[in-house]
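Let me begin by presenting the structure, written as structure tokens, before commenting on it.
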Amino acid sequence: MSKLHILDHPLITHKLSIMRNKRTGSKDFRELLDEIAMLMGYEITRELPLEDVVIETPIEKMVAKTVSGKKLAIVPILSAGLGMVDGLQRLVPVAKVGHIGLYRDPETHKPVEYYCKLPHDIQDRIVILVDPMLATGGSAVDALTLLKGRGCKHIRFMCLVAAPEGVEAVTSAHPDVDIYTAALDRGLNEKAYIVPGLGDAGDRIFGTI
Ligand code: URA
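FYI, this note's numbering numbers position 49 of the sequence shown as 102, with every residue one higher than the one before it.
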């Protein structure tokens, strides 16, 4: 069963509250999202595999443990997910980055993939799928299905704000995927925006309001 991890460290919660404020402009919004992604990345990478390397300290030789960074891939769902990539990559600079662009066909309601570029060995990596807002869960569910279709077996989903509806959608479609969020909000409004939420994350990141 998926586990929901609410990463409500005071620094994360504080920064998220500034982001929620409608008076916060795009520059600050982007910077805060980047900082939160890095802080969340600290927790989401907690169980990354370590490998032994032999090094020499100024005193003697030792077997030291290092993160096997090549085993990680960060995959943003376009376009708002891009805002969380740099913060994560700063923690694990050798992580590979893939991109997934999806939309729902308004008539068939089927997911349409308009862009997808993934590391060639994505199936061998631990994948962190990122999208700031987990609202209905439609894009996350479809992106997870796509990743599994490419052979990915170890996937985590990371968002900034989640709605219970999105958590339920991801959990029932992909019970093997853990969800990491900075906050679990009340629900969705009639336009499928998260309430209280922070508005349209993409618009606030890219200044397209
Ligand atoms: N996407 C957003 O950017 N905001 C929401 O509240 C829901 C979906």
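Where a beta carbon is used, it is the ideal one built from N, C-alpha and C, also for glycine.
Extent of the continuous beta strand (DSSP E) to which residue 233 belongs: From DSSP, the beta strand (DSSP E) with residue 233 extends over 231-234.
According to DSSP, residues forming a beta bridge with residue 169: 153
Beta-bridge partners of residue 158, as assigned by DSSP: In the DSSP output, where bridge partners are listed per residue, residue 158 has none listed.
When 223, 158, 205, 253 are compared against residue 186, the one with the closest alpha-carbon: 253
Nearest-residue set for the ligand URA, Cβ under 5 Å from any heavy atom: 186, 188, 246, 247, 250, 253, 254
Distance between residue 109 and residue 228 (C-alpha atoms, nearest Å): 44 Å
Simplified DSSP assignment, three categories, for residue 112: coil
Nearest residue (CA-CA) to residue 37, options 225, 193, 116: Limits of the chain in this structure are 54 at one end and 262 at the other, which puts residue 37 out of reach.
Beta-carbon spacing of residue 222, residue 241 below 8 Å: Taking 8 Å as the Cβ cut-off, residue 222 and residue 241 do not qualify as a contacting pair.
Boundaries of the beta strand (DSSP E) in which residue 207 is found, first to last residue: 207-211
Of the listed residues 88, 159, 119, nearest to residue 105 (C-alpha basis): 119
Bridge partners - residue 247, DSSP secondary structure assignment: 241
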